[in-house]
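Since the structure comes first, as structure tokens, the remarks are kept for the end.
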Amino acid sequence: MSSDAGRRPAVSGRREGATLWRVLNEEWDRDDVLSRIPHALPATVRERVTDKWSLLRTAGLAPRRRGDEFRSVGPSRTVVLDMYTTPAEAGAAEAIALLTEGAPTRRDGESTEPDSGVLRQAFWLTTTVDGKARHEFHGYAAVPGAIARVLCIHDDPADLSWAQETWRSPRHHS
Numbered sequence: 001m002s003s004d005a006g007r008r009p010a011v012s013g014r015r016e017g018a019t020l021w022r023v024l025n026e027e028w029d030r031d032d033v034l035s036r037i038p039h040a041l042p043a044t045v046r047e048r049v050t051d052k053w054s055l056l057r058t059a060g061l062a063p064r065r066r067g068d069e070f071r072s073v074g075p076s077r078t079v080v081l082d083m084y085t086t087p088a089e090a091g092a093a094e095a096i097a098l099l100t101e102g103a104p105t106r107r108d109g110e111s112t113e114p115d116s117g118v119l120r121q122a123f124w125l126t127t128t129v130d131g132k133a134r135h136e137f138h139g140y141a142a143v144p145g146a147i148a149r150v151l152c153i154h155d156d157p158a159d160l161s162w163a164q165e166t167w168r169s170p171r172h173h174s
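Residue 98 in the UniProt record's numbering sits at position 98 of the sequence shown; the count goes up by one each step and never skips.
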């Protein structure tokens, strides 16, 4: 009997960089894996939208991409995320002011929140489309050199807190 008795045979091609080895042995980031599923999920996940921006895709919403625009869509809720580059010397408040120029002045509410280097401003209102009330939440998250516009459209006025949570969720990864 050889001294190798009881040892597992070497697996041919096993390298730590090999894809199969990584799939079987590494722990994968939950949000990274789930956000790649192009269907509505029963759980909220952080969706990496670009190399610079991520946002929470809430349960029940399916992702849709159109060029630089990201949408997550469900039966009574829609989120549209647009990202822009701004001049590095422009301040966050100035960038938001430029994007909101010409925005409706009749509003149901407004909010401004500084958040760890991100300036967040938002306003919300109710419009009528085809005789039906539609609630719109227009939010902005600005950092030096970049801004994200978050538009949340929802049918139920009680979903305002969901829209605010969605507006607070964009993160800029520098």
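Note that the Cβ used here is the ideal one computed from N, Cα and C, for glycine as well.
What does DSSP give as the partner residue(s) for Arg-171 in the beta ladder? Mapped onto the sequence shown, residue 171 falls at position 171. Beta-bridge pairing links Arg-171 to Ser-54.
Return yes when the Cβ of Leu-81 is within less than 8 Å of the Cβ of Ala-148, no when it is not. Position 148 of the sequence shown, counted from the start, is the residue given in the question as residue 148. Position 81 of the sequence shown, counted from the start, is the residue given in the question as residue 81. Going by C-beta atoms, Ala-148 is nearer than 8 Å to Leu-81.
Any 3 or more C-beta pairs closer than 8 Å across the stretch 41 to 58 and the stretch 68 to 81: yes
From the DSSP output, read off the bridge partner residues of Thr-85. As a first step, residue 85 must be located in the sequence shown, where it is residue number 85. DSSP lists Ala-146 as partners of Thr-85.
What's the call for His-39, buried or exposed, on a 16-neighbour Cβ count within 10 Å? Start at 1 with the first residue of the sequence shown, and residue 39 comes out as number 39. That one is exposed.
Contact between the stretch 115 to 125 and the stretch 50 to 57: three or more CB pairs below 8 Å? no
Please name the residue, chosen from Val-143, Trp-21 and His-135, that lies closest to Val-79 on a Cα-to-Cα basis. For the purposes of this step, residue 79 is taken as residue 79 along the sequence shown, with counting starting at 1. Residue His-135 is the option with its Cα nearest to Val-79.
If you follow the beta strand (DSSP E) that Leu-126 is part of, which residue opens it and which one closes it? Taking the first residue of the sequence shown as 1, we reach residue 126 at position 126. Here residue 126 turns out to be Thr, not Leu, going by the sequence shown. Element bounds for Thr-126: 118 to 129.
What would DSSP say about Ser-161, mapped onto helix, strand or coil? If you number the sequence shown from 1, residue 161 lands on position 161. DSSP places Ser-161 in helix when its eight states are reduced to three.
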